[in-house]
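Chemist: This is the structure I want to talk about, given as structure tokens.
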Amino acid sequence: MQITEIRVSLRQGGNDKLLAFANVTFDNAFAVRGIKIIQGNNGPFIAMPSRKMADGTYKDVAHPINAETRQMLEKAILDEYHKTLKEAPAAAREEVPVD
């Protein structure tokens, strides 16, 4: 499977650790929406879309099932995030809903 598109929507400032959302399309045929880009202690990382369960825990809705795929996906998303961040002037960074 190849990543054919990544769209990143930057979040507006504040002290929130949530930096952006990403939508990823694979092989122009399958999309995963609502991937979070979060600021961690060691830099940004991705969190896959999740659903809150009845017991209050969260479970991923979709996720890579091996480390190699997760690393490839995280690198591609973070590369696009940094590219989007450089291209967007500070005043133009608006919260855009994830479609």
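Here this note's numbering is used: the first residue of the sequence shown is 2, the next is one more, and so on. C-beta: ideal position from N, C-alpha, C; glycine also.
#1: Mapping the DSSP letters down to three states, classify Pro-5 as helix, strand or coil.
#2: When you compare each of Ala-30, Val-9, Gln-13 to Asn-24 by their alpha carbons, which one comes out closest?
#3: For the alpha helix (DSSP H) holding Gln-72, just list the boundary residues, first then last.
#4: Note down, in chain order, each residue of its chain lying with its Cβ closer than 6 Å to the Cβ of Lys-53, except the 5 sequence neighbours on either side.
#5: With a threshold of 6 Å, establish whether the CB of Ala-55 neighbours any heavy atom of the ligand MN.
Modeler: Based on what the coordinates show:
#1: For the sequence presented, residue 5 should be read as Thr rather than Pro. Three-state DSSP puts Thr-5 in a strand.
#2: Val-9
#3: 68-88
#4: Non-local C-beta neighbours of Lys-53 in its own chain, meaning closer than 6 Å and more than five positions away in sequence, comprise Tyr-59, ordered along the chain.
#5: Looking for the ligand MN in the displayed structure turns up nothing, as the structure carries no ligands at all.
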